[in-house]
Amino acid sequence: MTTDYVFSIASLQACLVAAETSWFSSMSGDECAEWQVERVELGDTVFFIHESDERATRRIVILDQEPFGVANSRWMKKSILERVHRAAIVAAAPPVSLPRDWYAFHHKNLFSFFGSRRTKTDRMSRWTAENRPNGSADVLFWRLSPPNHIITLQDFRPDYSRYDDAVLFWEEALHEARTRFTDTPRDTSLVPPMVALSATFDATSRGRTYTEWLPHLSEDQRRFLERTPPVKLRGPAGTGKTLCLLLKAIREVIEAHRQGKRLRILFLTHSWAMQTQIDQLLRTMDEGNAAQDIDVFPLFSAGSLLFNTMLPAGLEPLGEDSHEGKQEQLARVKSLLSQAVLTDWPAYRSRVRPDFAHTVESDPDGDDFRLFAWEVLNEFACVLGPEGIVPGAHDAIQEYRELKRASWMMSLEADAEKDFILTVYGYYVDSLRADNLISSDQIINDFVKDLEKSSWQYQRRTDGYDLIFVDELHLFNEQERRALHHLTKDPKTYPKMFMALDPRQSAEIVYTGVAGRSIIRDEPGRASAIMGDVEQHSLTRVHRFGQEVLALLRHINKSWPQLDLGDDWELDLEQVRAKSPSAKAPMLHRHADVHEEARNALRAARAWTNRPDGGRVAVVLVDKDALDLYEAAFDSDVGRVNVLGSRDDLASLQYEKRTVVVAPAEYVAGLQFETVIVAGLPRMRRHARWPQTRHLLSQLYLAISRASNHVEIHVNKANGALPDVLETAIRAGALQEIR
Numbered sequence: 007m008t009t010d011y012v013f014s015i016a017s018l019q020a021c022l023v024a025a026e027t028s029w030f031s032s033m034s035g036d037e038c039a040e041w042q043v044e045r046v047e048l049g050d051t052v053f054f055i056h057e058s059d060e061r062a063t064r065r066i067v068i069l070d071q072e073p074f075g076v077a078n079s080r081w082m083k084k085s086i087l088e089r090v091h092r093a094a095i096v097a098a099a100p101p102v103s104l105p106r107d108w109y110a111f112h113h114k115n116l117f118s119f120f121g122s123r124r125t126k127t128d129r130m131s132r133w134t135a136e137n138r139p140n141g142s143a144d145v146l147f148w149r150l151s152p153p154n155h156i157i158t159l160q161d162f163r164p165d166y167s168r169y170d171d172a173v174l175f176w177e178e179a180l181h182e183a184r185t186r187f188t189d190t191p192r193d194t195s196l197v198p199p200m201v202a203l204s205a206t207f208d209a210t211s212r213g214r215t216y217t218e219w220l221p222h223l224s225e226d227q228r229r230f231l232e233r234t235p236p237v238k239l240r241g242p243a244g245t246g247k248t249l250c251l252l253l254k255a256i257r258e259v260i261e262a263h264r265q266g267k268r269l270r271i272l273f274l275t276h277s278w279a280m281q282t283q284i285d286q287l288l289r290t291m292d293e294g295n296a297a298q299d300i301d302v303f304p305l306f307s308a309g310s311l312l313f314n315t316m317l318p319a320g321l322e323p324l325g326e327d328s329h330e331g332k333q334e335q336l337a338r339v340k341s342l343l344s345q346a347v348l349t350d351w352p353a354y355r356s357r358v359r360p361d362f363a364h365t366v367e368s369d370p371d372g373d374d375f376r377l378f379a380w381e382v383l384n385e386f387a388c389v390l391g392p393e394g395i396v397p398g399a400h401d402a403i404q405e406y407r408e409l410k411r412a413s414w415m416m417s418l419e420a421d422a423e424k425d426f427i428l429t430v431y432g433y434y435v436d437s438l439r440a441d442n443l444i445s446s447d448q449i450i451n452d453f454v455k456d457l458e459k460s461s462w463q464y465q466r467r468t469d470g471y472d473l474i475f476v477d478e479l480h481l482f483n484e485q486e487r488r489a490l491h492h493l494t495k496d497p498k499t500y501p502k503m504f505m506a507l508d509p510r511q512s513a514e515i516v517y518t519g520v521a522g523r524s525i526i527r528d529e530p531g532r533a534s535a536i537m538g539d540v541e542q543h544s545l546t547r548v549h550r551f552g553q554e555v556l557a558l559l560r561h562i563n564k565s566w567p568q569l570d571l572g573d574d575w576e577l578d579l580e581q582v583r584a585k586s587p588s589a590k591a592p593m594l595h596r597h598a599d600v601h602e603e604a605r606n607a608l609r610a611a612r613a614w615t616n617r618p619d620g621g622r623v624a625v626v627l628v629d630k631d632a633l634d635l636y637e638a639a640f641d642s643d644v645g646r647v648n649v650l651g652s653r654d655d656l657a658s659l660q661y662e663k664r665t666v667v668v669a670p671a672e673y674v675a676g677l678q679f680e681t682v683i684v685a686g687l688p689r690m691r692r693h694a695r696w697p698q699t700r701h702l703l704s705q706l707y708l709a710i711s712r713a714s715n716h717v718e719i720h721v722n723k724a725n726g727a728l729p730d731v732l733e734t735a736i737r738a739g740a741l742q743e744i745r
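Sequential numbering of the sequence shown, starting at 7, is according to this note's numbering.
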């Protein structure tokens, strides 16, 4: 018997949010009523109707796969349906832009993509889908093809009678579901708001549209909406930088429409995870068709999207975006450096500066070596690669030695220092080739070269952008920033950009866990010069924090008198005002050892999920190395837990409800929770080196700033003395110790 399945965007999301993983193997209707969803079978189709669905609701149609020799159990999995749901959301505003590692192909209204993540054991299948079949608003998933039977879109000839049969009884199913909704009283407290973004992204979105947001903007934010580009928007976590960028983008589209004009706007992110969050926020706020004029994607994917380029067969990217790519590259560079120190380093040692030698010979697992590897990676990405220096070429050594160095570059003075770096670069390039990999930085460099070709100078007048918005500018390196000005339409004028950054969340800390000199600060590098004079605009009103949370953040900020970050630290948190209602003062709990700390922190998190004021709850670890220990501490008392092992896991949060999120601080940047349990502080000596202390302070700031209302800090006595900043917070009344 043929069985087709029809969802709406809302009904599939409700199932993904509420259902256990095991439910998807049968998708029975017994539990659906609790999720505001009814399962209705009519003819050969199973309909899942959400209480909010209407006759013209956009539907997700999945045809029966049995006639094609593929068991329906192949796709009846939560992980596969998450991709189906995401693709359906994106398809609402063509073109259908999917993450790079989905390997999407397009032909007219047809598109295909991998249905699940790549694993070593799972043979990947591909969906063949169609957006708006027969002029409808639906997304139709025709086939899930096994790896040995890939469908060529140009040759695909669909039988639309299958689609017509699948949706034939939609109105009858809708009527039946409405009858059940009317007859069955519901406990709406069981289901979270359908705008899943509020559970995973900056809660300042609050489900409001563009017009609804305008009366709630602070004076700083309203002024920003009136600015003309270029503007660099600065502010700490919670000041609504991303919200402001999106409001400004929508405003520019609306104003252009009023004048009878059409703008092309590009909104760039640093990762696909953030692209997903921002794209959903944009769709929530958009009241008309503004989203159609705003392209949102990572800079990493701009080349393939603008030039429709594909990597050669057999060549794989090292990471699906710049964020993941940098993590993968840093690990590779660090490993190659460690090997080179053992084999090649003695030949250079006598001819380098003592400071350089000290760093190279430092502990491979220590902060100095990790930061050194980060600077070497940036040398590869922003100097050697862009300059076209080929390791092993006859003139490579001389060319690199004679290269004029800028202040933002790695400090290399002696020729032997440069020669050693060039040797490691050769190993790095060879290792990528041996593994058939291309790094994200190499992809960016190729993209910049394409943008500097004469052909793009003609093409940019039609395919370039009128305005460019950049989120998380502090994560973009010099070469990535260099690409930005090439993306505008008019090369004769300064690029019209709006950029947002949080100077307290530096790239070094994100990727190395060590605070050091950043090559992307506002120093006179090439990219900064290209952008011209940029107006600075700071946000000071925080929508995120309650008064007590903000008081603790202010205390930490005031405890950093020795920090000297120049203009990046111009913002005074004493001028920031809290908007959220007050709550209890943050609490500190001390435990005997790290195992007791983990057990009690996780149980405290579960207790907060059961409280009416607990809201969304996260256990945020200051030291990411504590994640394994916390995972080992999971037991039945903890309940449902969602572990974020990387930034890529962020997208999964929108499908979870009443769950405790456990993640290192660096992976939850940009997210917000009502309640945050701060734990996993590293072992610190009383007189620890400044880089370690600086890293601790920065990560504490990041962890605490994820909370809107409630903060608990859990530490253990085995780690030694409580960090001074927390001891003084207790004495100042910004932190309450529970004894």
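All C-beta atoms, glycine included, are put in the ideal place defined by N, C-alpha and C.
Measuring straight from C-alpha to C-alpha, what distance separates residue i and residue j?
i: glutamate 718; j: valine 625; result: 9 Å
i: phenylalanine 362; j: alanine 685; result: 36 Å
i: glutamate 2; j: histidine 364; result: Absent from the structure is residue 2, since the part of the chain shown begins at 7 and ends at 745.
i: leucine 728; j: histidine 720; result: 11 Å
i: leucine 418; j: lysine 424; result: 6 Å
i: glycine 49; j: aspartate 655; result: 38 Å
i: aspartate 369; j: proline 352; result: 16 Å
i: leucine 18; j: histidine 91; result: 7 Å
i: aspartate 165; j: valine 430; result: 56 Å
i: alanine 112; j: arginine 268; result: First, the residue type needs correcting, since residue 112 is histidine and not alanine in the sequence shown. So the two alpha carbons sit approximately 25 Å from each other.
i: methionine 291; j: glutamate 225; result: 20 Å
i: cysteine 388; j: leucine 174; result: 57 Å
i: alanine 506; j: alanine 675; result: 14 Å
i: glycine 294; j: phenylalanine 13; result: 24 Å
i: lysine 332; j: tyrosine 434; result: 14 Å
Helix, strand or coil: which one does DSSP assign to residue i?
i: lysine 238; result: strand
i: arginine 617; result: coil
i: aspartate 1; result: Absent from the structure is residue 1, since the part of the chain shown begins at 7 and ends at 745.
i: isoleucine 156; result: coil
i: methionine 415; result: coil
i: methionine 82; result: coil
i: tyrosine 471; result: strand
i: isoleucine 395; result: coil
i: asparagine 715; result: strand
i: serine 368; result: coil
i: phenylalanine 482; result: coil
i: threonine 275; result: strand
i: arginine 560; result: helix
i: phenylalanine 230; result: helix
i: leucine 708; result: helix
i: arginine 466; result: helix
i: alanine 387; result: helix
i: serine 151; result: strand
i: arginine 753; result: Residue 753 is absent from the structure shown; the chain starts at 7 and stops at 745.
i: phenylalanine 162; result: coil
Check this for me: beta carbons of residue i and residue j, under 7 Å apart or not?
i: leucine 558; j: alanine 740; result: yes
i: tyrosine 354; j: phenylalanine 426; result: yes
i: asparagine 715; j: glutamate 680; result: yes
i: isoleucine 256; j: alanine 319; result: no
i: alanine 709; j: alanine 671; result: yes
i: valine 666; j: alanine 713; result: no
i: alanine 94; j: isoleucine 66; result: yes
i: glycine 35; j: isoleucine 86; result: no
i: aspartate 477; j: threonine 185; result: no
i: leucine 439; j: aspartate 421; result: The sequence given here has arginine at residue 439, not leucine. No, these two residues do not count as a Cβ contact at 7 Å.
I'd like to confirm the pairing. Which residues does DSSP put opposite residue i in its beta bridges?
i: asparagine 648; result: Val667
i: leucine 324; result: Ser445
i: leucine 116; result: His113, Glu136
i: histidine 720; result: His595
i: valine 625; result: Val668, Ile683
i: glutamate 743; result: Leu594
>> Extract the residue ranges of the beta strand (DSSP E) inside the stretch 19-63, only unbroken runs of 3 or more that lie entirely within it.
In response: As for any beta strand (DSSP E) of minimum length 3 sitting wholly inside the stretch 19-63, the runs are 43-48, 51-56, ordered along the chain.
> Which runs of the alpha helix (DSSP H) spanning at least 4 residues fall entirely within the stretch 279-357, listed in chain order?
Replying inline: Scanning the stretch 279-357 from its first residue to its last, the whole alpha helix (DSSP H) runs of 4-plus residues come out as 308-313, 328-349.
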